[in-house]
Amino acid sequence: MLPQFLRVTAHNNTVLQQWPAIAPELAVHVSAVAFDTPSGRLDLCPDSSA
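Residue numbers (our numbering): 715 to 764.
Now the structure itself:
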């Protein structure tokens with residue numbers, strides 16, 4: 715289950731836009747590419763396959 719702030723953010727369809735603020739240490743190397751509101755699933759893509 716997602717924390718309340720992410721559920722509210724997801725409802726406003728801004729999780730992808732806020733990804734760098736949500737996880738700044740990960741956002742440097744991992745991009746948020748999709749968010750499924752009903753399931754709360756956030757799809758991520760690494761910058762490199764190495």
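Where a beta carbon is used, it is the ideal one built from N, C-alpha and C, also for glycine.
In chain order, Cys759 place their CB closer than 6 Å to the CB of Ser745, counting only its own chain and leaving out the 5 sequence neighbours on each side. Secondary structure at Val729: helix, using DSSP grouped into helix, strand and coil.
Judged by DSSP secondary structure, Ala737 falls outside any alpha helix (DSSP H); it is assigned neither H nor E. The Cβ-Cβ distance between Asp761 and His743 falls below 9 Å.
In the structure shown, Pro760 falls within a strand segment according to DSSP collapsed to helix, strand and coil.
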